[in-house]
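Q: Below are the structure tokens for one structure; questions will follow.
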Amino acid sequence: MKSFPMDEMDKSALCVRGLAKRYDSHQVLRDLNMTVPEGCIYGLLGPSGCGKTTLLNCIMGNLHYDSGSIYMSCKKQSQLGFMPQDVALIESLSIFEMFTYYGRMFGLSPSKIEARAEELKSLLQLPPLDSWNGCLSGGEQRRVSFAVALLHDPEFLILDEPTVGLDPLLSQSIWLYLVELTTKSKKTIILTTHYIEEARHAHMVGLMRGGNILAEAPPMDLMSSHNCSTLEETFLIFSQADEQSHKLPDETIISQEPSLKLWSPITKQTSFSFSRFKAQLLKNTLYVTREVPLLLILFLMPIMQCTFQNVAVGLDPTKLPIAVVNHDHYDCAHIPTHTHACDWESPISCRFLNYLHHATDTVHIVNKHNLLEAERDLKKNNVWGLLYFAPNFTQAIAARYVNASVLNTPDEVLDTGAVNVRLDMSNHVVANIMTMDLSTTLIDFFRKLFHECHWPDTVVQLPMRIEEPIYGTRRPVFTHFQSPAILVAFGFYFPLLFTTAFLLHEKVSGVLERTMTVGLTPLELILAHLVLQVVITNLQTALMHFIFYVLFDNPFVCSVWLPFLLSFWQAMSGMFLGFFMSAVSNSHVMAMMSGTGIFFFVTFTSGLLWPLEGIHSSMRDLIWWSPLALSTEAMRGITARNWPITHPHIYKGFLAITGWSTLFIIGTYLVIKYRGFHYRK
């Protein structure tokens, strides 16, 4: 690190020596030197991509640099005023609310904020202070952004393109005001501009190209020394000379020394400030409550998703067409349905079909004349299956159960007295439900038949007795299996989605960079979002629990507090992952793709779609480390089995959430420490 002579430090507000900054393989700043005297306007000129914004971020401490030294006369963030290239305004706030927000960040009193707001409104010809930022024109937004930088009367101003898009008369008045600030108040100002000739108003200009300052001097001195009438012509001469001097590739110019990760001498805020925390919390609350589409997403989405889950997923299919070919009796329509069950003369096939029609809604009988027609419809997917009753089916049944011993019945009689079933087995769920319904209905029919004939119905039963289940019902419903997993998954994903989208929006728009430049600490940022997220999460969790367990009456055999606590704790885990994703993501596309991948991963590995016991043996031991696997099993244990928190399945679920949350917090901390939360490449 290079040292500064004392005379330079005494006369200069800013000294930069040998500054270098690299992004991966791209060298952005190259051994840059810069000197800004106190009480002057320093115009930093250069084309887009030359490194101006990177240089300003290094000076303010938003980015570390690899080598070199920076000296600044101001040492605190409160002494620095910053206007970013982006307007970095919150569109759902009014102008005065923006002033109030940043005024509280700097610790200004309400009366001081109001007085400065009126003063800046007059100076910059701002719209009415109750105007919303989102309704302002581009030029008006830039003026408001400029006013925010001036709000706390800083000693050192850094303005990135302050006059872009402004009326020439207003731009001229702003320049006169900046000159007045330097002459009367001894403020130091660095500004960048695309209007090269406009920089003639500055006391000093620095011509920047390719990551280096080619020259810095008063504008008139630069023009006169090169016999030029305009700054643009002077810049062209320096650029041509710089182009001719670059005869070696970049790799030979800049040494490949490892990055030292040096930082600006600006002292960052580290202590917690309740004033800044309160300002951030109030700003977040105003933003959420005023963004109607966001509110609809936050609360209508859980309602709609939970409702769709209960009405569209997991219910048994009904009215599935099934072809019936009855060669036992061709016209069942004229068979009396009230025939006594022990009347073995009436067609058993017709009586069974009548019983099937009334006993289950799963199938809808479609009569066919022959097997060829039925099989054709089955292959064309017009029906899901077919039932075939052979000729003399009734007589074969009678011979099997009435006229002979079952053990002595000939095979041909047994074959004739069997219902032949062919199903479309390509759909696992539909095929299994139809098989189960047809089997149980047939057994129930013969049990009823035998009971009314006063015969022992054990003849038609399997040598197995299914007792009353310990947990659940005799016929499980897939929705009941999924509902705890859906609660856990939604409880995790909605806070992840909101946290990532909310913070990334502020990050991409530049609001977060500006806010943290004025002194907001990562802890204050996270706690302010945490408080708001807790309120939103509690409302979302209550809505989802009401829909699942009150409106749709899914199994809930426990007290309210334990599943609610598990859902809340899972939501906090999603929020912590949202902090991490918003810290590492630089665009909405990157976050969206990452979030989609995470959602599908946790869906497939949480036991939501299929029991974890059915996962391939090579992954079975690893899958329990999925973020939602143990918590999903814990939710099922609580709601369907009423297991206490001391049960291993339950406390392991809470421990798993805690472990993953800890990992997300550590990851976020490391990103903040080594790159910064608001970092935008």
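According to our numbering, the sequence shown is numbered sequentially starting from -6.
Yeah, the Cβ is synthetic: ideal placement off N, Cα and C, and Gly gets one too.
Around the C-beta of phenylalanine 670, are 16 or more other C-beta atoms found within 10 angstroms, so that it is buried, or is it exposed?
A: Buried: at least 16 other Cβ atoms inside 10 Å.
Q: Go through the segment 546 to 628 residue by residue and report every complete run of the alpha helix (DSSP H) that reaches 4 residues or more, in order.
A: With a minimum length of 4 residues, the continuous alpha helix (DSSP H) runs that stay inside the segment 546 to 628 are 554 to 577, 581 to 598, 613 to 616.
Q: What residue from Val470, Met574, Ile34, Thr433 has the CA that sits closest to leucine 496's CA?
A: Measuring from the Cα of leucine 496, the nearest candidate turns out to be Met574.
Q: Relative to the C-alpha of glutamate 148, which candidate in Leu122, Thr181, Gly11 has its C-alpha closest?
A: If we check each option's Cα against that of glutamate 148, Thr181 comes out closest.
Q: Along the chain, where does the alpha helix (DSSP H) that runs through methionine 427 open and close?
A: Segment 421 to 445, the alpha helix (DSSP H) holding methionine 427.
Q: Quick one: complete beta strand (DSSP E) runs, 3+ long, within the segment 81 to 166?
A: With a minimum length of 3 residues, the continuous beta strand (DSSP E) runs that stay inside the segment 81 to 166 are 149 to 153.
Q: Going by beta carbon distance, what residues of the same chain come within less than 6 Å of valine 356, once the five residues before and after it are set aside?
A: For valine 356, where only same-chain residues beyond five positions count, the Cβ hits under 6 Å are Leu313, Ile315.
Q: Express the C-alpha separation of alanine 564 and serine 599 in angstroms, rounding to a whole number.
A: Using only the alpha carbons, I get a separation of about 15 Å.
Q: Check whether the Cβ atoms of leucine 12 and tyrosine 64 lie closer than 7 Å to each other.
A: No.
Q: With H, G and I counted as helix, E and B as strand and the rest as coil, what does DSSP make of leucine 253?
A: With a pLDDT of only 49 at leucine 253, under 50, the local geometry of the prediction cannot be trusted, and the value read off the model is given with reservation. Looking at leucine 253 - three-state DSSP - the assignment turns out to be coil, as it is neither helix nor strand.
Q: Taking 7 Å as the threshold (C-beta atoms), are isoleucine 390 and isoleucine 436 in contact?
A: No, Cβ-Cβ distance for isoleucine 436 and isoleucine 390 is not below 7 Å.
Q: Count the C-beta pairs between the segment 489 to 508 and the segment 578 to 595 that are closer than 8 Å, then say yes if the count reaches three, no if not.
A: In short, these stretches touch, since the Cβ pair count reaches three.
Q: Return yes when the Cβ of aspartate 321 is within less than 7 Å of the Cβ of threonine 387, no when it is not.
A: Taking 7 Å as the Cβ cut-off, threonine 387 and aspartate 321 qualify as a contacting pair.
Q: Just the Cα atoms here: how many angstroms apart are histidine 609 and lysine 645?
A: Looking at the two C-alpha atoms, the distance is approximately 23 Å.
Q: For the segment 314 to 399, list the beta strand (DSSP E) runs that are entirely contained and at least 3 residues long, ordered along the chain.
A: Counting only runs of 3 or more, we get 356 to 361, 378 to 382.
Q: Give the straight-line distance between the Cα atoms of proline 295 and glutamine 533, rounded to the nearest whole angstrom.
A: About 7 Å.
Q: Report the rounded CA-to-CA distance for isoleucine 519 versus asparagine 375, giving the unit in angstroms.
A: Their Cα atoms are separated by approximately 58 Å.
Q: Taking the straight line between their C-alpha atoms, what separation do you get for glycine 158 and glutamate 133?
A: About 9 Å.
Q: By alpha-carbon positions, which one of His187, Glu517, Gln526, Cys343 ends up nearest to histidine 327?
A: Cα-wise, what sits closest to histidine 327 is Cys343.
Q: Looking at the structure shown, is threonine 245 part of a helix, part of a strand, or coil, going by DSSP?
A: Summary for threonine 245: the model assigns pLDDT 40, below 50, so the residue's position carries little reliability; its value from the coordinates is reported in the next sentence. Three-state result, threonine 245: helix.
Q: Can you look up valine 29 in the DSSP assignment and give me helix, strand or coil?
A: Residue state, collapsed to three classes: strand.
Q: Can you list, in chain order, the residues of its chain with a C-beta nearer than 6 Å to that of serine 580? Leave out the 5 residues immediately preceding and following it.
A: For serine 580, where only same-chain residues beyond five positions count, there are no Cβ hits under 6 Å.
Q: Can you list, in chain order, the residues of its chain with a C-beta nearer than 8 Å to that of phenylalanine 139? Leave out the 5 residues immediately preceding and following it.
A: Answer for phenylalanine 139: Met76, Leu117, Leu152, Pro155, Ile167, listed in chain order.
Q: For leucine 22, which three-state DSSP category applies?
A: It is a strand residue.
Q: Which whole-angstrom value describes the C-beta separation of lysine 179 and glycine 32, a residue pair presumed to lie in contact below a C-beta threshold of 8 Å?
A: Yes, lysine 179 and glycine 32 are in contact; Cβ-Cβ is about 4 Å, under 8 Å.
Q: Have a look at Leu73, Thr409, Tyr394, His196 and flag the residue whose alpha-carbon is nearest the alpha-carbon of phenylalanine 443.
A: That would be Tyr394, whose Cα lies nearest to the Cα of phenylalanine 443.
Q: Going along the chain, which residues of its own chain have a beta-carbon closer than 7 Å to the beta-carbon of lysine 114, five neighbours each way excluded?
A: Cβ within range, chain order: Leu122.
Q: Please state whether DSSP places methionine 76 in a helix, a strand or coil.
A: In the structure shown, methionine 76 sits in a strand (DSSP, three-state: E or B).
Q: Helix, strand or coil, according to DSSP, for leucine 198 in the structure here?
A: According to the sequence displayed, residue 198 carries valine and not leucine. It is a strand residue.
Q: Near methionine 418, which residues of its chain fall below 7 Å by C-beta distance, leaving aside the five closest residues on each side in sequence?
A: Only Ala424 meet the Cβ criterion.
Q: Report the three-state DSSP secondary structure of leucine 56 (helix, strand or coil).
A: Leucine 56 falls in the coil class under three-state DSSP.
Q: Assign isoleucine 83 to one of two classes, buried (16 or more other C-beta atoms within 10 Å of its C-beta) or exposed (fewer than that).
A: That one is buried.
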